[in-house]
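Protein chains: 2
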Amino acid sequence: MSARPNVAHAPLELEHFLPYRLSILSNTVSQAIAADYQQRYELSMTEWRVMAVLARFEGLSAREVAERTAMDKVAVSRALARLVDAGRVDRGTHDGDKRRSVLQLTAEGWAIHDEVAPLAREHERELLAKLDDEERAWLSRILDKLMAA
Amino acid sequence: MSARPNVAHAPLELEHFLPYRLSILSNTVSQAIAADYQQRYELSMTEWRVMAVLARFEGLSAREVAERTAMDKVAVSRALARLVDAGRVDRGTHDGDKRRSVLQLTAEGWAIHDEVAPLAREHERELLAKLDDEERAWLSRILDKLMAA
DNA sequence: AAGTTATAGTTTCATATGAAACCATTTGCA
DNA sequence: TGCAAATGGTTTCATATGAAACTATAACTT
Chain A
1 MSARPNVAHA PLELEHFLPY RLSILSNTVS QAIAADYQQR YELSMTEWRV MAVLARFEGL
61 SAREVAERTA MDKVAVSRAL ARLVDAGRVD RGTHDGDKRR SVLQLTAEGW AIHDEVAPLA
121 REHERELLAK LDDEERAWLS RILDKLMAA
Chain B
1 MSARPNVAHA PLELEHFLPY RLSILSNTVS QAIAADYQQR YELSMTEWRV MAVLARFEGL
61 SAREVAERTA MDKVAVSRAL ARLVDAGRVD RGTHDGDKRR SVLQLTAEGW AIHDEVAPLA
121 REHERELLAK LDDEERAWLS RILDKLMAA
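Right under this line is the structure:
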């Protein structure tokens with residue numbers, strides 16, 4: 001049990017270190033949400049993100065999905081393989097460019113989307129319920145600034 | 001490119017979805033820092049976190065390290081194996097309890113710590129430089145509230 | 001003291017991940 | 001036109017990860 005604080009070396013206090021706090025918070029939140037649909041729908045977080053962008057933008061290519069999800073193209077490729085395989089996404093080929101795929105949710109994909117989206121929103125609501133209006137406004141503004149560049 | 005916004009199904013707008021934004025921000029920040037020492041010191045993020053808590057609290061057991069880093073015990077066990085192997089951490093056995101290890105940084109571990117810690121701090125400084133004092137105060141307060149419970 | 005339960009830590013196994021190599025197609029340009 | 005470079009996407013390979021099983025020791029109950 002020692003736990004004798006050391007002072008000679010100016011050690012980092014993880015619990016006050018912003019990158020660490022962000023990491024813990026983000027993982028906790030994402031895990032909680034993912035746990036909710038992972039089992040129920042056999043859907044990984046990467047797959048869900050792909051579905052979410054395809055719900056908003058039909059006909060994207062895999063590369064465009066990667067851009068919009070901030071995932072790398074390998075992850076997208078694999079997520080798509082599973083989604084297509086499961087009949088949740090339909091993959092066509094772009095007219096003037098045989099390299100490109102043209103992606104969209106199938107009816108089954110939409111059905112799942114329409115169940116998972118509210119669930120995700122509910123989690124967000126619960127999280128934001130810990131803040132008051134003023135704090136929510138600041139948070140949004142601050143995240144924007146931190147993510148810029 | 002297509003990208004025809006779909007409205008019929010109330011799709012999630014990832015870029016405004018808090019858990020997603022947190023995840024992107026957190027990954028971007030952590031990756032940037034890790035990239036900085038990963039190569040130079042052959043040190044993974046999990047290993048660095050372990051070193052950071054051992055720098056603050058000498059003589060912790062593996063379980064206590066896990067608690068303080070919010071990592072699971074398997075991850076800690078493996079990080080420790082590598083750190084001990086590399087001569088960066090010294091692992092003893094607790095007097096009254098042979099199950100427990102008693103961990104502390106070696107001289108070599110301290111040397112690395114004393115180089116990496118300022119580097120991590122500098123990254124945090126750069127990140128926080130994007131905010132003014134008021135925003136920094138709100139951020140800290142907001143993170144505390146979000147992480148509570 | 002014996003037997004059950006709990007705890008510290010490691011190992012195993014199955015899955016996830018990213019970098020780099022790769023294939024096919026398209027684009028740029030001499 | 002023909003060839004080098006770029007692009008979309010997949011595969012390979014090496015590493016990371018977590019859950020569950022496992023080993024050893026300690027604590028609790030009687």
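Keeping their order, the protein sequence lines are chains A and B. With full-length UniProt numbering, letter number 6 in the first sequence gets 6, and the count goes up by one each step, no holes. With full-length UniProt numbering, letter number 20 in the second sequence gets 20, and the count goes up by one each step, no holes. Here a beta-carbon is modelled for each residue, glycine too, at the ideal position from N, C-alpha and C.
| field | Span separating the alpha-carbon of residue 62(B) from that of residue 99(A) | value | 50 Å
| field | Inter-residue spacing [alpha-carbon to alpha-carbon] between residue 143(A) and residue 14(B) | value | 14 Å
| request: Answer yes or no: does any C-beta atom of chain A fall closer than 7 Å to that of residue 138(B)? | output: yes
| field | Residue environment, residue 121(A), which counts as buried when at least 16 other CB atoms sit within 10 Å | value | exposed
| task | Would you mind listing the alpha helix (DSSP H) stretches within the UniProt domain "HTH marR-type" (15 to 148) of chain B that are 4+ residues and don't spill past its ends, in chain order? | result | 18 to 41, 45 to 56, 62 to 69, 73 to 85, 107 to 128 and 133 to 147
| field | CB contact below 7 Å: residue 142(A) versus chain B | value | yes
| message | Please identify, using Cβ separations under 7 Å, the residues of the region 18 to 40 of chain A that lie next to chain B, in order along the chain. | response | 18, 19, 21, 22, 23, 24, 25, 26, 29, 30 and 33
| Between residue 139(A) and residue 131(A), which are expected to be in contact by the criterion C-beta below 8 Å, what is the C-beta distance as a whole number of angstroms? | 7 Å
| message | Taking 7 Å as the threshold (beta carbon to beta carbon), is residue 100(A) in contact with chain B? | response | no
| task | Answer with buried or exposed for residue 19(B), where buried requires no fewer than 16 other C-beta atoms within 10 angstroms of its C-beta. | result | buried
| Proximity winner among 58(B), 11(B), 97(B) and 146(B), relative to residue 103(B) (alpha-carbon distances) | 58(B)
| Any beta-carbon of chain B closer than 7 Å to the one on residue 73(A)? | no
| task | Within 10 angstroms of the Cβ of residue 115(B), are there 16 or more other Cβ atoms? Answer buried if so, exposed if not. | result | exposed
| message | Please classify residue 16(A) as buried or exposed, where buried requires at least 16 other C-beta atoms within 10 Å of its C-beta. | response | exposed
| field | Supposed contact pair residue 9(B) and residue 110(A) - C-beta distance, whole angstroms, cut 8 Å | value | 6 Å
| said: I'd like the list of long-range same chain contacts for residue 53(B), defined as Cβ closer than 6 Å, with 5 residues on each side in sequence excluded. | reply: 65, 68 and 69
| request: Taking residue 88(A) as the query, report the chain B residues whose CB atoms sit under 7 Å from its CB, ordered along the chain. | output: Within 7 Å Cβ-Cβ: nothing; residue 88(A) doesn't reach chain B, min ~14 Å.
| task | Taking only beta-carbon positions, decide if residue 55(B) is within less than 7 Å of chain A. | result | yes
| field | Identity of the residue in 55(B), 26(B) and 83(B) nearest residue 147(A) by Cα | value | 26(B)
| message | Considering Cα atoms alone, identify which of 81(A), 60(A) and 21(A) is closest to residue 46(A). | response | 81(A)
| query | Is there a Cβ from chain B that is less than 7 Å from the Cβ of residue 124(A)? | reply | yes
| request: Round the Cβ separation of residue 119(A) and residue 36(A) to the nearest angstrom and send it over; I've been treating them as touching at under 8 Å. | output: 6 Å
| task | Enumerate in chain order the residues of its own chain whose CB-to-CB distance from residue 93(B) is below 8 Å, with the five nearest sequence positions on each side excluded. | result | 100, 101 and 102
| said: So residue 69(B) contacts chain A; which residues on that side make the cut at Cβ distance below 8 Å? | reply: 14
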